[in-house]
Amino acid sequence: MIVRSTRVVSIVGVGVLVMAWAAGAVSGQADPGAPRPLASVAGKPAASFTGLTPLDYVEIKQLVSRYAYAVDTGADNGNVYASLFAADGAFADRMGRETKGREALAALARRNTRGPQSAFHFIVNHVIEPTSEGAVGKEYLVQLRIGEGEKPNDIFGGGHYEDVYVKTPDGWRFKRRQFMPSEGSPRPRREPEAR
Amino acid sequence: MRNAFATAVLSVLLVWFSGTSAQQPSPTPVLTALDYLEIEQLVYRYGYALDTGADNGFAYADLYADDATFTGTNQGPSGRTYQGRERLAALARGGKRGPNFMSHWVTNVVIEPAPGGAIGKTYVGIFDIGNGGNGAKSRVDHGGLYNDVYVKTPKGWRFKSRSFFESTSGAPVQPPPAMLTPPRALAANPAQSPNPESRTPNPGSLTAQDYIEIQQLVARYPYALDQNPDEGQSYANLFTTDAVFRQPRTEGRQNLAKMASGAPHGAKYARHFLANHVIEATADGAIGKQYLVAVDIGESGQPSSIFLGGHYEDVYAKTAEGWRFKTRTFIASVTGAEVK
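First to last, the sequence lines map onto chains A and B.
Under numbering that gives the first Met the number 0, the first sequence has 168 at position 169, and the numbering climbs by one with no breaks.
Under numbering that gives the first Met the number 0, the second sequence has 27 at position 28, and the numbering climbs by one with no breaks.
Right, dumping it as structure tokens:
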């Protein structure tokens with residue numbers, strides 16, 4: 000690459016190349032026109048970019064945003080919540096116990112609703128990564144108790160979700176979502192290699 | 000043949016590195032939909048890397064470009080700057096961390112193209128969430144604003160610099176550089192986007208670029224209200240000329256500017272945190288909603304508190320200036336109401 004590029008310098012002249020080299024830029028990227036890999040969770044390049052389009056990212060973000068409304072309001076008897084999951088999709092609690100299937104998921108939303116005008120699940124930091132079968136993602140959650148009569152507003156809890164998404168004929172859906180409560184360790188710990 | 004090759008290589012390099020040199024004036028790149036999304040992904044990875052301390056802090060350090068800096072303007076009388084992979088990694092070691100620890104809650108991500116790459120700003124709420132729901136009291140520890148410069152490296156988008164500003168109410172102070180950017184078109188003209196995928200219409204007829212522009216509109220709202228650098232003009236300009244805000248019902252840009260100026264604000268004030276932004280196409284534009292929590296970040300050692308929360312319901316219109324609020328209605332959260 001460097002040898003070839005040197006030839007280019009002699010033809011077109013260019014500080015651009017010098018700048019590019021100085022920046023460590025020319026490093027064997029085979030197809031610079033292709034979508035660039037997203038960094039992995041650990042900040043290292045993902046193994047490969049398997050073809051999530053911008054619209055895929057946007058639709059997965061929308062799916063995750065809808066989750067909060069669906070679980071907080073329990074709309075349509077919990078069926079809005081259930082419809083965010085694939086037919087065989089599951090929600091897993093912190094122990095990994097799964098609630099699977101549309102009817103069970105709707106019942107879960109009915110049990111957990113805080114009212115049609117409630118805002119409880121505040122979800123941010125949505126990281127999405129393509130996989131060979133779809134995508135995975137994770138978010139931070141903070142649960143806020145707001146507007147409970149005379150009680151002062153406060154933080155109920157929080158943690159993060161770990162998601163698996165699948166593209167169905169109806170659009171992107173949760174194949175699995177697990178909640179993990181926040182746990183601080185007094186000492187730094189190494190994160191498991193894979194997730 | 001050789002000329003064709005040379006041209007191809009040169010054009011590739013020009014596209015790649017338009018603006019990466021710090022030595023010379025650089026053109027402002029056109030950010031594609033994918034650029035916005037990748038920068039947003041970088042911004043969201045920050046919390047995980049810092050809170051988990053993964054890879055002995057190097058997951059955090061590797062979010063930065065080689066010569067990049069983090070500055071804590073709240074550290075010491077004049078702030079402290081960290082540069083270099085080892086020094087940055089050290090920031091993500093020690094203290095309260097762990098694979099499941101979640102503290103840096105980042106939202107309101109505004110991204111703009113800038114010479115050399117892009118700049119951005121976010122709100123950050125730094126939470127101390129009780130361990131595993133075991134009854135420990137959760138609280139907002141502190142919070143404020145990040146001001147960022149991003150650069151596209153061969154590994155993808157990275158922070159070139161990130162500065163943290165502790166939320167401060169009260170008298171305006173000199174805004175940090177990234178906040179001086181005047182209001183502008185929210186994103187590149189889709190017609191100029193080199194990525195055809197970003198123009199692919201979905202069934203609701205909003206493109207990826209439309210979604211991103213509407214997200215950027217909404218992300219700007221808290222800055223215009225909390226920092227209000229220009230007597231409400233930036234706030235009013237987020238709305239169409241005939242827009243209506245509720246509550247209190249406020250109509251037209253002049254009245255909107257006046258309303259914004261009556262709200263508490265300051266150059267480093269962070270109060271309105273948005274989340275869960277849903278957008279839907281309609282026949283003549285789009286509608287959307289997000290959650291809001293207004294947090295009064297404690298100052299001078301005082302505890303933080305949650306002022307209010309609820310959600311906004313919006314109607315967006317695409318104008319010659321870009322997407323704008325046509326109506327925006329705040330609905331306070333009420334829990335325990337009867338399920339419909």
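Note that beta-carbon positions come from the ideal geometry of N, C-alpha and C, so glycine has one too.
Small disclaimer: the values here were computed from a predicted structure and weren't measured.
Contact list for residue i against chain B, beta-carbon separation under 7 Å
i: A/ALA67; result: ASN275, TYR290
i: A/VAL165; result: Those do not exist, as A/VAL165 stays about 18 Å from chain B at its closest Cβ, beyond 7 Å.
i: A/GLU147; result: THR334, GLY335
Beta carbon proximity, residue i to chain A, threshold 8 Å
i: B/ARG138; result: yes
i: B/ARG84; result: no
i: B/GLN246; result: no
i: B/ALA259; result: no
i: B/ARG44; result: yes
i: B/ILE286; result: no
i: B/PHE329; result: no
i: B/ALA117; result: no
i: B/ALA242; result: no
i: B/ALA89; result: no
i: B/ALA67; result: no
i: B/ALA269; result: no
i: B/GLY113; result: One point to set straight first is that residue 113 of chain B is Ala, not Gly, in the sequence displayed. By this cut-off, B/ALA113 is not an interface position.
i: B/ALA256; result: no
i: B/ALA266; result: no
Residue-chain proximity (residue i, chain B), Cβ-Cβ < 8 Å
i: A/PRO266; result: Absent from the structure is residue 266 of chain A, since the part of chain A shown begins at 0 and ends at 194.
i: A/ARG96; result: no
i: A/TYR80; result: no
i: A/SER131; result: no
i: A/VAL57; result: yes
i: A/LEU37; result: Confidence at A/LEU37 is low in this model, with a pLDDT of 34, below 50, so the placement of that residue should be treated as unreliable; the coordinate-derived value is given next. Yes, A/LEU37 lies at the interface with chain B (some Cβ there is under 8 Å from its Cβ).
Distance cut-off 7 Å: residue i Cβ against heavy atoms of the ligand ADP
i: B/ILE38; result: No copy of the ligand ADP occurs in the structure displayed, which carries no ligand at all.
7 Å Cβ cut-off: residues of chain E touching residue i
i: A/GLN61; result: No chain E appears in this structure, whose protein chains are A and B.
9 Å Cβ cut-off: residues of chain A touching residue i
i: B/VAL78; result: For the record, residue 78 of chain B in the displayed sequence is Gly; it is not Val. Result: empty, since nearest Cβ-Cβ is about 24 Å, beyond 9 Å.
i: B/GLN232; result: Those within 9 Å of B/GLN232 in chain A number zero; the least Cβ separation is about 28 Å.
i: B/VAL105; result: VAL123, ASN124, TYR139
i: B/PHE126; result: TYR139, VAL141, ILE154, GLY157, SER181
i: B/ALA262; result: Simply none; closest approach about 19 Å.
Interface residues of chain B facing residue i [CB-CB closer than 8 Å]
i: A/TYR179; result: Before going further, note that residue 179 of chain A is Met rather than Tyr in the sequence given. Correct list: ASN99.
i: A/ARG144; result: THR334
Neighbouring residues, chain A, relative to residue i (Cβ below 8 Å)
i: B/ALA341; result: Because chain B is modelled from 0 through 339, residue 341 of chain B falls outside the range shown and cannot be assessed.
Exercise for the section: Give, in chain order, every residue of the region 109 to 124 of chain A whose Cβ lies closer than 9 Å to some Cβ of chain B. Expected result: ARG109, THR112, ARG113, GLY114, PRO115, GLN116, SER117, ALA118, PHE119, HIS120, PHE121, ILE122, VAL123, ASN124
Handout entry: Any 3 or more C-beta pairs closer than 8 Å across the region 110 to 128 of chain B and the region 137 to 152 of chain B
Key = yes
Problem - alpha helix (DSSP H) segments (min. 4 residues) lying fully within the region 240 to 273 of chain B - result: 252 to 260
Practice task
Taking a Cβ distance cut-off of 9 Å, strictly less, list which residues of the region 295 to 323 of chain B are near chain A, in chain order.
Solution key: SER304, ILE305, PHE306, LEU307, GLY308, GLY309, HIS310
Practice task
Tell me, please, whether the region 232 to 241 of chain B touches the region 318 to 338 of chain B by the rule of three or more beta-carbon pairs shorter than 8 Å.
Solution key: yes
Practice task
Check whether the region 96 to 112 of chain A touches the region 308 to 320 of chain B, counting contact only when three or more Cβ pairs, one atom from each stretch, lie closer than 8 Å.
Solution key: no
Exercise for the section: Would you list, in chain order, the members of the region 209 to 235 of chain B that have their beta-carbon closer than 8 Å to a beta-carbon of chain A? Expected result: TYR210, ILE211
Problem - the region 218 to 225 of chain B / the region 262 to 278 of chain B touching (three or more Cβ pairs under 8 Å) - result: yes
Handout entry: Complete runs of the beta strand (DSSP E) confined to the region 109 to 169 of chain A [at least 3 residues]
Key = 120 to 130, 133 to 144, 153 to 167
Exercise for the section: Select from the region 151 to 175 of chain A all residues with a C-beta closer than 8 Å to any C-beta belonging to chain B, and list them in chain order. Expected result: PRO151, ASN152, ASP153, ILE154, PHE155, GLY156, GLY157, GLY158, HIS159
Exercise for the section: Spell out a yes or no on whether the region 118 to 138 of chain A and the region 74 to 89 of chain A are touching, meaning 3 or more CB-CB pairs, one atom from each, closer than 8 Å. Expected result: no
Problem - contact_flag[the region 146 to 154 of chain A, the region 66 to 82 of chain A] where n(CB pairs < 8 Å) is 3 or more - result: no
Practice task
Take every Cβ of the region 45 to 59 of chain B, pair it with every Cβ of the region 83 to 100 of chain B, and state whether three or more of those distances are shorter than 8 Å.
Solution key: yes
Problem - Three or more C-beta pairs below 8 Å linking the region 100 to 111 of chain B and the region 63 to 70 of chain B - result: no
Problem - Segment contact, 8 Å Cβ cut-off, at least three pairs: the region 241 to 252 of chain B with the region 268 to 284 of chain B - result: no
Handout entry: the region 26 to 53 of chain B: positions lying closer than 7 Å to chain A by Cβ
Key = ALA32, LEU33, LEU36, GLU37, GLN40, LEU41, TYR43, ARG44, GLY46, TYR47, ALA48, THR51, GLY52, ALA53
Exercise for the section: Run through the region 85 to 111 of chain A for me and flag every whole beta strand (DSSP E) of 3 or more residues, listed as ranges in chain order. Expected result: 97 to 99
Exercise for the section: Report yes or no: do the region 288 to 302 of chain B and the region 104 to 113 of chain A share at least 3 C-beta pairs separated by less than 8 Å? Expected result: no
Exercise for the section: Jot down the residue ranges of each uninterrupted beta strand (DSSP E) in the region 64 to 108 of chain B, minimum 3 residues, whole runs only, in chain order. Expected result: 79 to 82
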